[in-house]
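Notes for the one structure printed next.
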Amino acid sequence: MTFFWKIMRIPINLLITTFLLIQLTPSSAQKSDWKENYLTAAPKPGDNTLDFLSRYLLADFDCNIDLFCRINKVSTDSKLNVEDLYKLPICVATYNGKTIRSTLGIKDWQQAVRIKSFNEAAHKDGLRPEDFIEDKSLWVPFHEIECPDVADKTPPKQIVRKGNTPSAKITSFYGEDGLNSGSRIYPIFGTKYQKTPLIDNRLKDKVFYLISGHGGPDVGAQGKRAGNVLCEDEYAYDVTLRLLRLLLSHGATAYMIVRDPDDGIRDEAYLKSDTDETVWENMVIPYDQKERLKQRTDFINEVTQKHLKNGVTDQTIIEIHVDSRTHDKEIDVFFYYRPGSEESQDLANTLYKTFKQKYMSLRGSRGYEGTVRSRELFTLKETIAPKAVYIELANIKNDWDQQRLVIKNNRQALANWLYQGIVKNAK
17 MTFFWKIMRI
27 PINLLITTFL
37 LIQLTPSSAQ
47 KSDWKENYLT
57 AAPKPGDNTL
67 DFLSRYLLAD
77 FDCNIDLFCR
87 INKVSTDSKL
97 NVEDLYKLPI
107 CVATYNGKTI
117 RSTLGIKDWQ
127 QAVRIKSFNE
137 AAHKDGLRPE
147 DFIEDKSLWV
157 PFHEIECPDV
167 ADKTPPKQIV
177 RKGNTPSAKI
187 TSFYGEDGLN
197 SGSRIYPIFG
207 TKYQKTPLID
217 NRLKDKVFYL
227 ISGHGGPDVG
237 AQGKRAGNVL
247 CEDEYAYDVT
257 LRLLRLLLSH
267 GATAYMIVRD
277 PDDGIRDEAY
287 LKSDTDETVW
297 ENMVIPYDQK
307 ERLKQRTDFI
317 NEVTQKHLKN
327 GVTDQTIIEI
337 HVDSRTHDKE
347 IDVFFYYRPG
357 SEESQDLANT
367 LYKTFKQKYM
377 SLRGSRGYEG
387 TVRSRELFTL
397 KETIAPKAVY
407 IELANIKNDW
417 DQQRLVIKNN
427 RQALANWLYQ
437 GIVKNAK
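Quick look at the structure:
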């Protein structure tokens with residue numbers, strides 16, 4: 017669908033009058049105008065707020081969502097009218113033909129690079145018909161100018177590779193970035209989501225090992241809905257992929273341990289099950305459960321040790337599953353952490369508090385009944401990374417809980433909230 021958008025401009029005679037009265041320089045006038053100049057666009061049929069903002073790469077930041085809801089007088093789950101134009105949390109400045117920094121009156125080079133990348137991604141995705149250099153219309157996402165603590169503006173620590181051809185072991189040291197030759201294209205996310213711009217480096221020098229439960233010969237728990245079979249491994253995988261994309265976009269070194277060559281991030285409700293998943297570096301997943309778990313933990317421990325020797329101590333394991341109870345049992349997201357590990361407990365508690373806050377704001381009186389406690393699970397016991405948590409997303413057999421899984425926006429919300437909890441814990 018073609019997106020319609022327009023830019024609200026202040027009349028030129030008003031600008032001239034203002035200039036004469038208070039003697040602003042042209043750059044000052046520009047700076048005072050563009051922050052109030054919101055881009056407007058029409059949604060697609062069926063879009064709600066999060067759908068719409070996700071398309072414009074804006075849904076990762078609560079401040080963007082809050083602003084959109086406030087200026088358009090909608091809620092996060094409001095269905096949007098395709099015949100209406102909505103103000104987006106994107107400010108539009110007239111590009112001066114020189115630099116982004118001089119156009120906006122900013123000094124931070126990294127911030128300018130992020131804004132440039134945002135505009136390039138919007139052009140490539142068909143959200144804008146022309147490049148900002150051509151039409152002089154520079155899009156500035158709201159989170160870049162008004163959100164508190166959006167970015168760690170310092171450049172990431174550079175790691176120099178040795179040798180002409182990276183071996184499998186060297187590749188492992190760089191996580192997902194070692195598989196894409198340093199580009200921002202990650203095929204694991206699928207064609208639609210493979211381009212993942214670097215938003216900031218707030219998670220630089222932090223390593224994450226993400227495990228989606230089961231996979232390969234083991235589909236995990238199963239439920240049924242509207243004549244479709246829901247398999248645990250597919251839904252856990254999709255949420256984990258979405259979390260991975262968020263971590264990478266904020267500068268983390270991350271490893272997706274269980275991998276599917278062709279699924280990517282999927283937006284459909286019913287995710288087709290397959291058995292072609294592997295473990296990092298194309299290791300075939302064994303049939304025996306204990307062997308499967310040991311295969312994953314052995315690899316994680318090997319890479320964890322390499323990072324520790326290189327001085328990287330902030331390393332975290334996050335394992336994501338979908339629980340199975342009786343069909344009439346509703347459960348909220350709950351968390352386990354490694355017994356005896358204060359760092360793991362702190363992370364699990366932060367995730368729990370983040371989810372509780374989100375649930376309370378959305379559900380009100382219904383509340384949140386998730387839990388957090390230690391548990392002697394294999395991954396939590398047999399790994400050496402300083403932090404390890406295990407998450408259960410829902411009861412795959414319960415009709416109400418299934419909505420948390422089959423609605424793509426809910427899967428994205430789960431990933432968003434996990435990411436937000438991780439960031440809070442990292443501060």
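Every letter in the sequence shown is one number past the one before it in the working numbering, and letter 106, counting from 1, is 122. Think of the CB as a built atom: it goes at the ideal place given N, C-alpha and C, for glycine as much as any other residue. Keep in mind it's a predicted model, so treat the numbers as computed, not measured.
- So Phe224 is in the beta strand (DSSP E); what residue range does that whole segment cover? 223 to 228
- Task: Measure from the alpha carbon of Gly191 to the alpha carbon of each residue in Arg144, Gln373, Lys132, Glu318, then state which is nearest.
- Result: Glu318
- To the nearest angstrom, report how far apart Lys60 and Asp314 are at their CA atoms. 46 angstroms
- Query: Mind pulling the alpha helix (DSSP H) runs of 4 or more residues that sit fully within the region 91 to 173?
  - Reply: 116 to 120, 125 to 140, 148 to 151
- Query: When the Cα of Tyr72 is compared with those of Met299, Cys107, Lys51, which residue comes out closest?
  - Reply: Cys107
- Task: Verify whether the separation of the beta carbon atoms of Leu287 and Glu335 is less than 9 angstroms.
- Result: no
- Message: For Asn196 and Thr320, what's the separation of their Cα atoms in angstroms?
- Response: 21 angstroms
- Where does the unbroken beta strand (DSSP E) through Asn326 begin, and where does it stop? Unbroken run through Asn326: none, as it is neither H nor E.
- Task: Identify whether Asp49 lies in helix, strand or coil by the three-state DSSP scheme.
- Result: helix
- Query: Between the region 260 to 277 and the region 218 to 227, are three or more C-beta pairs nearer than 8 angstroms?
  - Reply: yes
- What are the partner residues of Asp234, as DSSP defines its beta bridges? Gly231
- Message: Short of 8 angstroms in beta carbon distance, which residues of its chain neighbour Arg241, apart from the five on each side in sequence? Order them along the chain.
- Response: Tyr286, Asp415, Gln418, Val422
- Query: From this set, His343, Gly229, Val349, Lys322, which residue's C-alpha is nearest Ile301's C-alpha?
  - Reply: Gly229
- Are the Cβ atoms of Phe68 and Leu104 separated by less than 9 angstroms? yes
- Task: Count the other C-beta atoms from every protein chain shown that fall within 10 angstroms of the C-beta of Met376, then say buried if there are 16 or more, exposed otherwise.
- Result: exposed
- Task: Could you name the residues that DSSP lists as bridge partners for Glu335?
- Result: Ile227, Tyr406
- Got a sec? Which residues, its chain only, sit under 8 angstroms from Asn135 by beta carbon, not counting five neighbours each side? Arg144, Asp147, Phe148, Leu154, Trp155
- Query: So Arg389 is in the beta strand (DSSP E); what residue range does that whole segment cover?
  - Reply: 388 to 390
- Query: Could you give the residue range of the alpha helix (DSSP H) that holds Val245?
  - Reply: Counting along the chain, Val245 falls outside any alpha helix (DSSP H), though it belongs to the beta strand (DSSP E) covering 244 to 247.
- Sort out for me which residues DSSP pairs Arg64 with in a bridge. What sits at residue 64 in the sequence shown is Asn, not Arg. Per DSSP, Lys95.
- Looking only at C-alpha atoms, which of Asp254, Asn88, Ile215, Lys306 sits nearest to Phe394? Lys306
- State the start and end residues of the unbroken alpha helix (DSSP H) segment that holds Ala429. 424 to 442
- Message: Using CA atoms only, rank isn't needed, just tell me which of Ile438, Ala442, Ala429 is closest to Leu66.
- Response: Ala429
- Would you list the one or two residues that DSSP bridges to Ala270? Phe224
- Query: Does the Cβ of Leu257 lie closer than 8 angstroms to at least one heavy atom of the ligand NAP?
  - Reply: Of ligands this structure carries none, so the ligand NAP is not represented either.
- Compare the beta carbon distance of Met272 and Thr256 with 9 angstroms and say whether it is the shorter of the two. yes
- Query: Span of the beta strand (DSSP E) holding Tyr54?
  - Reply: 54 to 57
- Query: Is it true that the CB of Thr329 sits closer than 9 angstroms to the CB of Lys440?
  - Reply: no
- Task: Specify the secondary structure class of Phe371 as computed by DSSP and reduced to three states.
- Result: helix
- Message: Judging by CA-CA distance, which residue of Leu120, Asp141, Gly239 is the nearest neighbour of Phe158?
- Response: Leu120
- How long is the line joining the alpha carbons of Arg308 and Leu396, rounded to whole angstroms? 15 angstroms
- Message: Within 8 angstroms, do at least three Cβ pairs link the region 122 to 129 to the region 71 to 91?
- Response: no
- Task: Name the residue from Ala237, Glu162, Asn112 whose alpha carbon lies nearest to the alpha carbon of Glu52.
- Result: Glu162
- Query: Taking all protein chains shown into account, do 16 or more other C-beta atoms lie within 10 angstroms of the C-beta of Thr207, making it buried, or fewer, making it exposed?
  - Reply: exposed
- Using the rule of at least 16 other Cβ atoms within 10 Å of the residue's Cβ for burial, across every protein chain shown, is Ser360 buried or exposed? buried
- Query: So Phe77 is in the alpha helix (DSSP H); what residue range does that whole segment cover?
  - Reply: Taken as a continuous stretch (DSSP letters only), Phe77 belongs to no alpha helix (DSSP H), as it is neither H nor E.
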